[in-house]
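This report concerns only the one structure given below.
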């Protein structure tokens, strides 16, 4: 598998969690994910008012959602 991009670890005050417990996103040779849509919640030390959801469709489209409970 070829890694397209990797990012540094989030700092200790930032948390990224997924709705399904997934810790990575994998794409097949056609550019699709084998899973259904994934939703992540991104929270930092500012609390729930600043937390946001991020959804990634199985075709790779990313959308930013609203506030989440952190």
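In the numbering used here, the protein residues as written are 44 to 113. Positions of the beta carbon are idealized from the N, C-alpha and C atoms, including for glycine. The structure presented is a predicted model; accordingly, all values stated were derived computationally and were not measured.
Which stretch, first to last residue, makes up the beta strand (DSSP E) that contains residue i?
{"i": "residue 99", "result": "95-99"}
{"i": "residue 110", "result": "105-110"}
{"i": "residue 62", "result": "Here residue 62 belongs to no beta strand (DSSP E), and DSSP marks it neither H nor E."}
{"i": "residue 72", "result": "From DSSP, residue 72 is part of no beta strand (DSSP E); its letter is neither H nor E."}
{"i": "residue 81", "result": "81-86"}
By the 10 Å Cβ neighbour count, where 16 or more other Cβ atoms means buried, how is residue i classified, buried or exposed?
{"i": "residue 84", "result": "buried"}
Based on Cα-Cα distance, which residue from the options lies nearest to residue i?
{"i": "residue 56", "options": "79, 91 and 46", "result": "91"}
{"i": "residue 103", "options": "66, 111 and 77", "result": "77"}
{"i": "residue 93", "options": "61, 113, 74 and 75", "result": "113"}
{"i": "residue 86", "options": "62, 71 and 96", "result": "96"}
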